[in-house]
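S.K.:
Numbering (our numbering), first residue to last: 4 to 210.
1. Residue 56 and residue 66 - do their beta-carbons sit closer together than 8 Å?
2. In the structure shown, what three-state DSSP assignment does residue 104 receive?
3. Do residue 85 and residue 110 have their CB atoms nearer than 8 Å?
4. Can you name, in chain order, every residue of its own chain whose Cβ lies under 6 Å from the Cβ of residue 216, other than the five neighbours on each side?
5. Distance check for residue 156 and residue 14, CA to CA, integer angstroms please.
6. Pick helix, strand or coil for residue 121, following the three-state DSSP scheme.
7. Note down the Cα distance separating residue 88 from residue 78, rounded to an integer number of angstroms.
8. Tell me which residue opens and which closes the alpha helix (DSSP H) that residue 34 is part of.
9. Let me know the secondary structure DSSP gives residue 202 once reduced to three states.
10. For residue 33 and residue 196, what's the separation of their Cα atoms in angstroms?
11. Is there contact between the region 22-30 and the region 123-138, where contact requires at least three CB pairs shorter than 8 Å?
12. From what residue to what residue does the alpha helix (DSSP H) around residue 9 run?
13. Alpha carbon to alpha carbon, what distance is there between residue 95 and residue 103?
14. Any chance the CB of residue 91 is under 7 Å from a heavy atom of the ligand ADP?
15. For residue 163, which option in 124, 143, 108, 100 has the closest C-alpha, if you only look at C-alpha atoms?
16. Quick check on this structure: which residue in 192, 208, 39, 204 has the alpha carbon closest to the alpha carbon of residue 18?
17. Among 69, 68, 54, which residue has its Cα nearest to the Cα of residue 62?
18. With DSSP collapsed to three states, give me the class of residue 6.
19. Compute the Euclidean distance between the alpha carbons of residue 171 and residue 146, then round it to the nearest angstrom.
20. Closest by CA to residue 207, which one among 182, 97, 175?
Right, here's the structure in full:
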């Protein structure tokens, strides 16, 4: 499965407008989803681990500090990450668990347990099954990777609070929807749930 091409993105936008005409106003205001496939799966997954349960600003600060440990602004290779002492990762602002998770992720890539070159050849389900074997990677991290880094077209991050709040407002719900209700509400978006989720974040920004 390749990353969406421009025709695929246009098809997604047409589909969403037909499923719910209100999307047209969101599209005029925010444009098309800003998704671009990554070239570095290790960095993308590591950045998701760093970002877990943090604000965007706080995560960016810690990410820069981690990069700074390696005498540069670029994120290190798995091998270099393995060589960095746990204590120094902690000193950069990572929690004890996150520092351990980065080392675990680096080992998975360095050993070949995760092969970056072949990940995009797998289905979403196959990728998820492989990645969740790594400590620190759960469904939310997998969804963020599939959506933002592999640009898969039909990802609905049911564990993301922003998407949940966006859907609550979009559909006029009294309570936050759970995963089952989110899937039912987004059924009309398929097979382009990724674009629908992106616009739910935009809905939340307007509140």
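Glycine is no exception: its CB is placed at the ideal position from the N, C-alpha and C atoms.
Note that the structure is a prediction, hence the values are computed from the model and not measured.
M.R.: Well, looking at it:
1. Looking up residue 66 in the chain shown gives position 63. Looking up residue 56 in the chain shown gives position 53. No, they are not a contact pair.
2. Numbered from its first residue, the chain shown carries residue 104 at position 101. In this structure, residue 104 counts as helix in the three-state DSSP scheme.
3. Counting from 1 along the chain shown, the entry for residue 85 is found at position 82. Counting from 1 along the chain shown, the entry for residue 110 is found at position 107. Contact flag set, yes.
4. Shown here, the chain extends from 4 to 210; a query on residue 216 therefore has no answer.
5. By one-based count along the chain shown, residue 14 stands at place 11. By one-based count along the chain shown, residue 156 stands at place 153. Those two C-alpha atoms are separated by around 11 Å.
6. Taking the first residue of the chain shown as position 1, residue 121 is located at position 118. Helix at residue 121.
7. Numbered from its first residue, the chain shown carries residue 88 at position 85. Numbered from its first residue, the chain shown carries residue 78 at position 75. Cα to Cα, the separation comes out at about 16 Å.
8. By one-based count along the chain shown, residue 34 stands at place 31. It is not in any alpha helix (DSSP H) - residue 34 carries neither H nor E in the DSSP assignment.
9. Translated into positions along the chain shown, residue 202 becomes position 199. Residue 202 falls in the helix class under three-state DSSP.
10. Residue mapping note: residue 33 aligns to position 30 of the chain shown, counting from 1. Residue mapping note: residue 196 aligns to position 193 of the chain shown, counting from 1. Residue 33 and residue 196: Cα-Cα distance of roughly 17 Å.
11. no
12. Sequence index remark: in the chain shown, residue 9 carries index 6 (1-based). Looking at the DSSP string, the run of the alpha helix (DSSP H) that includes residue 9 is 9-22.
13. Counted from its first residue, the chain shown places residue 103 at position 100. Counted from its first residue, the chain shown places residue 95 at position 92. Straight-line Cα distance between these residues: approximately 13 Å.
14. Inclusion of the ligand ADP in the displayed structure is not the case, the ligand content being empty and no account of it being possible.
15. Against the chain shown, residue 163 aligns to sequence position 160. The shortest Cα separation from residue 163 among 124, 143, 108, 100 belongs to 143.
16. The residue given as residue 18 occupies position 15 in the chain shown. The shortest C-alpha separation from residue 18 is found at 192.
17. Here residue 62 is taken as the residue at index 59 of the chain shown, counted from 1. Considering only alpha carbons, the answer is 54.
18. As a working note, residue 6 is residue 3 in the chain shown. Any reading at residue 6 must be qualified, since the residue scores a pLDDT of 45, below 50, and its modelled position is unreliable; no value is offered.
19. Counting from 1 along the chain shown, the entry for residue 171 is found at position 168. Counting from 1 along the chain shown, the entry for residue 146 is found at position 143. When rounded, the distance between both Cα atoms is 20 Å.
20. Within the chain shown, numbered from 1, the residue matching residue 207 stands at position 204. Residue 207 has its Cα closest to that of 175, out of 182, 97, 175.
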